[in-house]
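Structure first, then comments.
Residue numbers (this note's numbering): 347 to 439.
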């Protein structure tokens with residue numbers, strides 16, 4: 347069995363000139379993608395939505411939304427593990 351590795355992902359197995367070339371790129375991505383590379387008009391359209399959800403579960407201000415908010419708020423103490431977020435022992439002064 348040979349002691350020399352053949353894995354091309356290992357930089358020690360690549361020619362020094364190739365390693366220098368890769369290193370000179372300084373960690374730059376090979377493609378420019380994402381929001382920054384989009385057409386400015388498309389960026390503006392996306393940004394103007396300002397975090398609006400594409401669809402919502404509740405109509406704002408509806409009774410169903412209020413009920414969900416009450417239920418969600420009541421779960422906070424149970425998550426803390428104490429059963430009561432504001433529990434004060436009887437012997438406390």
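Heads up, the beta-carbon is just placed ideally off N, CA and C, and yes, glycines get one too. Just so you know, these numbers come straight off a predicted model, no measurement behind them.
For secondary structure counted as the beta strand (DSSP E) over 3 or more consecutive residues, the stretch 354 to 389 holds no complete run. Secondary structure of residue 405 (DSSP, three-state): coil. Residues 357 of the same chain have their beta carbon placed closer than 6 Å to that of residue 365, with the five preceding and five following residues left out of the count.
Your pair residue 411 and residue 405 checks out as a contact, with CB atoms roughly 7 Å apart and the cut at 8 Å.
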